[in-house]
Amino acid sequence: YQEYDGTTLPYQRETFDKVTSSLVFHHLIRSEKIAALKDIHRVLKYGGELHVLDFGQARNILMRVLFLPIQVFDGFANTTDNVRGLLPDIIAKAGFNEVEEKNHMTTVVGNISLYKALK
Numbered sequence: 004y005q006e007y008d009g010t011t012l013p014y015q016r017e018t019f020d021k022v023t024s025s026l027v028f029h030h031l032i033r034s035e036k037i038a039a040l041k042d043i044h045r046v047l048k049y050g051g052e053l054h055v056l057d058f059g060q061a062r063n064i065l066m067r068v069l070f071l072p073i074q075v076f077d078g079f080a081n082t083t084d085n086v087r088g089l090l091p092d093i094i095a096k097a098g099f100n101e102v103e104e105k106n107h108m109t110t111v112v113g114n115i116s117l118y119k120a121l122k
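Per this note's numbering, the sequence shown runs over residues 4 to 122.
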C-alpha cells in the first residue's frame, strides 16, 4: 500500500494490475478527482482494475439528510458529486471503461458505494 495525495503517483506508466481507493474522493473537488483518476489510469496496466469505495448517491431523503453533516464537515464543493451519484461518470471521463457500481450499503452517515472500472 502507498499513501497518495491525489497529485502524481511516483510510478511509471502501466505498473499495476489493480488500484484501490477507500473514502478519498469525497475529499476532492471535481478537478482534483479527475486529475487523480487520470494519474491512476496512467499507472494501471491495460486491463487493470480500479476499485473505489466512497460515498455514493443518496438513494432516498433519509440518506440525503444523514449525509448533510459530512457535507458540512468536508465541504459541499467536494462532496456534491458523490451525493448526486456522479462519481461513475467522472471515473469514465478520466478514461476508464465498464464503470459500474458493484455494491452499496446504507450507513448512519449516508450511502457508501463500491465502484469497479477497467482500463
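In this text, a Cβ means the ideal position worked out from N, Cα and C, and glycines have one as well.
With three or more C-beta pairs closer than 8 Å as the rule, is the stretch 69 to 77 touching the stretch 44 to 52? no
Going by CA-CA distance only, name the one from Pro91, Lys105, Asn106 that's closest to phenylalanine 99. For the purposes of this step, residue 99 is taken as the residue at position 96 of the sequence shown. Closest by alpha carbon: Pro91.
Using 8 Å for Cβ pairs, my map puts leucine 69 next to valine 112. What's the rounded Cβ distance? Residue numbering aside, residue 69 sits at position 66 when the sequence shown is read from its first letter. Residue numbering aside, residue 112 sits at position 109 when the sequence shown is read from its first letter. Going by Cβ atoms, the distance from leucine 69 to valine 112 rounds to 6 Å, so yes, they are a contact pair.
My guess is that arginine 16 and arginine 62 are in contact by the Cβ rule of under 8 Å, so how many angstroms apart are they, rounded? Along the sequence shown, read from residue 1 onward, the residue named residue 16 stands at position 13. Along the sequence shown, read from residue 1 onward, the residue named residue 62 stands at position 59. 37 Å between Cβ atoms; not a contact.
Please give the ranges of any beta strand (DSSP E) in the stretch 19 to 50, keeping only runs that are unbroken, at least 3 residues long and fully inside the region. 19 to 25
Does the distance from the CB of leucine 31 to the CB of leucine 117 come in under 7 Å? Counted from its first residue, the sequence shown places residue 31 at position 28. Counted from its first residue, the sequence shown places residue 117 at position 114. Contact flag unset, no.
C-alpha gap between threonine 11 and threonine 110, whole angstroms: Numbered from its first residue, the sequence shown carries residue 11 at position 8. Numbered from its first residue, the sequence shown carries residue 110 at position 107. So the two alpha carbons sit approximately 32 Å from each other.
Proximity to serine 24 [Cα-Cα], best of Asn81, Gln5, Tyr14: The residue given as residue 24 occupies position 21 in the sequence shown. Per the Cα distances, Gln5.
For isoleucine 115: DSSP bridge partner residues: Here residue 115 corresponds to residue number 112 of the sequence shown, with the count starting at 1. Phe58, Met108, per the DSSP bridge assignment.
Contact defined as beta carbons within less than 8 Å: I believe asparagine 81 pairs with glycine 59. What is the distance between those atoms, to the nearest angstrom? Taking the first residue of the sequence shown as 1, we reach residue 81 at position 78. Taking the first residue of the sequence shown as 1, we reach residue 59 at position 56. Not confirmed; about 14 Å, so no contact.
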